[in-house]
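First to last, the sequence lines map onto chains A and B.
The opening residue of the first sequence carries number 0 in numbering that gives the first Met the number 0; numbering runs sequentially from there.
The opening residue of the second sequence carries number 0 in numbering that gives the first Met the number 0; numbering runs sequentially from there.
We treat Cβ as the ideally placed atom computed from N, Cα and C, and that holds for glycine.
One structure is given here, and the rest of the page talks about it.
There are 2 protein chains.
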Amino acid sequence: MFDMSEILKEQFQKIITIEPADFEYILGHFTYKKFKKHQFLVQEGQQVTFDYFLISGCVKSYYTDENGKMHILLFALRDWWITDYEAYYYQKRAIVNIDCLEDTEVLCLSNDNREKLCQEFHQVEHFFRRKTNRRNVALQNRILSLLSSNAKQRYEKFLLEYPSLAQRLPKHILASYLGVTRETLSRLYVQK
Amino acid sequence: MFDMSEILKEQFQKIITIEPADFEYILGHFTYKKFKKHQFLVQEGQQVTFDYFLISGCVKSYYTDENGKMHILLFALRDWWITDYEAYYYQKRAIVNIDCLEDTEVLCLSNDNREKLCQEFHQVEHFFRRKTNRRNVALQNRILSLLSSNAKQRYEKFLLEYPSLAQRLPKHILASYLGVTRETLSRLYVQK
DNA sequence: AAAATAATGTGACGTAGATCAAAATTATTT
DNA sequence: AAATAATTTTGATCTACGTCACATTATTTT
Numbered sequence: 000m001f002d003m004s005e006i007l008k009e010q011f012q013k014i015i016t017i018e019p020a021d022f023e024y025i026l027g028h029f030t031y032k033k034f035k036k037h038q039f040l041v042q043e044g045q046q047v048t049f050d051y052f053l054i055s056g057c058v059k060s061y062y063t064d065e066n067g068k069m070h071i072l073l074f075a076l077r078d079w080w081i082t083d084y085e086a087y088y089y090q091k092r093a094i095v096n097i098d099c100l101e102d103t104e105v106l107c108l109s110n111d112n113r114e115k116l117c118q119e120f121h122q123v124e125h126f127f128r129r130k131t132n133r134r135n136v137a138l139q140n141r142i143l144s145l146l147s148s149n150a151k152q153r154y155e156k157f158l159l160e161y162p163s164l165a166q167r168l169p170k171h172i173l174a175s176y177l178g179v180t181r182e183t184l185s186r187l188y189v190q191k
Numbered sequence: 000m001f002d003m004s005e006i007l008k009e010q011f012q013k014i015i016t017i018e019p020a021d022f023e024y025i026l027g028h029f030t031y032k033k034f035k036k037h038q039f040l041v042q043e044g045q046q047v048t049f050d051y052f053l054i055s056g057c058v059k060s061y062y063t064d065e066n067g068k069m070h071i072l073l074f075a076l077r078d079w080w081i082t083d084y085e086a087y088y089y090q091k092r093a094i095v096n097i098d099c100l101e102d103t104e105v106l107c108l109s110n111d112n113r114e115k116l117c118q119e120f121h122q123v124e125h126f127f128r129r130k131t132n133r134r135n136v137a138l139q140n141r142i143l144s145l146l147s148s149n150a151k152q153r154y155e156k157f158l159l160e161y162p163s164l165a166q167r168l169p170k171h172i173l174a175s176y177l178g179v180t181r182e183t184l185s186r187l188y189v190q191k
């Protein structure tokens, strides 16, 4: 693995310190993969073998309800991790789909390898605990914003928090993340 | 500390194995506290010193919006952990309140002690990683249900998932957790 | 570059759930 | 047991947002 491993290394180094040799060893537990726009990383009903660390591109994770309506749970960009964690951690069938909004490169980590590395390196376990803590906080804030603010406020908050993502995403996709229809989102920003 | 430590021990032992002596040592990093109904564990705007492991009782964590409306994020019962994690992990001011719905006993763990124990015992770090993973999945599912289902479906799901909690909670509190007004919740279950 | 497909915008109308107000019930305190 | 406070219910409206339908504009594909 080449240059792309730098992105992963950087992320590790923000939280823990690793010997170069250890990093190489750790990296050996990841596999590199490329996906084209519209390809799936995770499909509803299937097993989920990997957690994906994005090197480049953009993906969405979404749930399809009984009426066929899509609800977006998460996006991921360069440097973010994504999978269906319930399925991944607990060997269940995926309930979400994850597909590419753009051509995407990832490093894949199986749950077995993750557990192996966590056992072998206390530091890696520490790293993942920290990551999960962060994710927790983000998810909590999302719940808060769904409970306590209206469509417009959520839209404006999103623009502030993720200005570049907002530009990159088709509006109907963003609408679905915000929990409104594309029509409503459109009406939010044309006027005022 | 006496008998109540059993509840904590049990939880540890579901995930990791610890020597009795180590457990005693770990327990030494917790402090025991009692709260009466209506007392606060965490107050908005204050620092958050502890993560709380409930021994008995029941608490709610809620956010108060600009109109003074309360939005419940989480409950905790015997055997659950609760705090304002963003404030706790990252030394910020609390944005939520956590108060007691019943008289409540807790074991308190400071973030410093948590980090200390995680460093000293790889197993403890493992324990908390696992816990946080679980919490993640639960939060994700909550988001999913807020995005994709209506008030009635959310209410019915709650009844199925937490039948005993549903009985224990005042309806207006439950309503706030579900993201509806008490009037709406009342109308959901009187008819059909 | 034409054809096909996907994304966005706009109008007309419907509805789940909010809001406001007041009564009825239940729990707590003195 | 009376008094006070908290919780729950019910009715009458209101409104943010959804739905449906169709027009317009981009983006892909051939």
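Does any residue of chain B have a CB that is nearer than 8 Å to the CB of A:V136?
Between A:V136 and chain B, the shortest Cβ-Cβ separation is below 8 Å.
Let me see if you follow: with CB-CB separation under 8 Å, is A:N132 close to chain B or not?
yes
Relative to the C-alpha of B:E104, which candidate in B:E119, B:D50, B:Q90 has its C-alpha closest?
B:D50
Identify, in the order they occur along the chain, each residue of the same chain with its Cβ nearer than 8 Å to the Cβ of A:E85, setting aside the five sequence neighbours on each side.
K91, I94
Opening and closing residue of the alpha helix (DSSP H) in which A:K115 lies
110-119
Under 8 Å, Cβ to Cβ, is there at least one residue of chain A near B:S147?
yes
Cross-chain neighbours of B:R77 in chain A, by beta carbon under 8 Å
By Cβ distance, chain A contributes nothing, its closest Cβ being about 21 Å from B:R77, past 8 Å.
Closer than 8 Å to chain B by CB, A:I81
no
Should A:N112 and A:E43 be called a contact, given that it needs their Cβ atoms to be closer than 8 Å?
no
Short check: CB of B:L145 to CB of A:L106, under 8 Å?
In this structure, A:L106 does not lie closer than 8 Å to B:L145 by Cβ.
Taking 8 Å as the cut-off, decide whether the C-beta atoms of A:K36 and A:L76 are in contact.
Contact flag unset, no.
A:I15 by DSSP, collapsed to three states: which one?
The answer is coil: DSSP assigns A:I15 none of H, G, I, E or B.
Count the other C-beta atoms from every protein chain shown that fall within 10 angstroms of the C-beta of B:K33, then say buried if there are 16 or more, exposed otherwise.
exposed
At least 3 beta-carbon pairs within less than 8 Å: the region 138-152 of chain A vs the region 175-183 of chain A:
yes
How about B:Y88 and A:N149: are their beta carbons less than 8 Å apart?
no
In whole angstroms, give me the CA-to-CA distance for A:Y24 and B:P162.
48 Å
Helix, strand or coil for A:T183 per DSSP?
helix
Use the C-beta contact count for A:T16: other C-beta atoms within 10 angstroms, 16 or more gives buried, fewer gives exposed.
exposed
Taking 8 Å as the threshold, find out whether the region 56-72 of chain B comes into contact with the region 117-124 of chain B through three or more Cβ pairs.
no
Return no unless some Cβ of chain B is closer than 8 Å to the Cβ of A:E85.
Yes, because at least one Cβ of chain B sits closer than 8 Å to the Cβ of A:E85.
Near-chain B residues of the region 113-125 of chain A - C-beta to any C-beta below 9 Å:
C117, Q118, H121, E124, H125
So which residues on chain B does A:G193 lean against when the C-beta distance must stay under 8 Å?
For residue 193 of chain A there is no data in the structure shown, the boundaries of chain A being 0 and 191.
DSSP bridge partner residues for B:Q46 (one or two, in chain order):
B:R92
List the whole-angstrom C-beta distance separating A:R167 from A:C57, where the pair is believed to meet the contact cut-off of C-beta under 8 Å.
6 Å
Just checking: is the beta-carbon of A:R141 within a distance shorter than 8 Å of some beta-carbon in chain B?
yes
Could you round the C-beta distance between B:D78 and B:I6 to whole angstroms and report it? I think they count as a contact, below 8 Å.
6 Å
So which residues of chain A does B:D64 contact, with C-beta pairs closer than 8 Å?
For the C-beta of B:D64, the chain A residues within less than 8 Å are, from N- to C-terminus, S147, S148.
Quick one: is A:K59 buried, meaning 16 or more other Cβ sit within 10 Å of its Cβ, or exposed?
Classification for A:K59: buried.
Please classify A:T30: does DSSP put it in a helix, a strand, or coil?
strand
According to the Cβ coordinates, are B:F126 and B:F11 closer than 8 Å?
yes
For A:Q128, return the contacting residues in chain B, with the cut-off set at a CB-CB distance below 8 Å.
Inspection of the sequence shows that residue 128 of chain A is occupied by Arg rather than by Gln. Chain B residues near A:R128: C117, E124, F127, R128, T131.
Identity of the residue in A:A20, A:L158, A:L26 nearest A:S4 by Cα
Closest by alpha carbon: A:L26.
Euclidean distance between Cα positions of A:K115 and B:E124
15 Å
From A:K156, A:L159, A:D98, A:L184, pick the residue whose C-alpha is nearest to that of A:T63; which is it?
A:D98
What in chain A is Cβ-close to B:L72, meaning under 9 Å?
The answer, in chain order, is Q139, I142, L143, L146.
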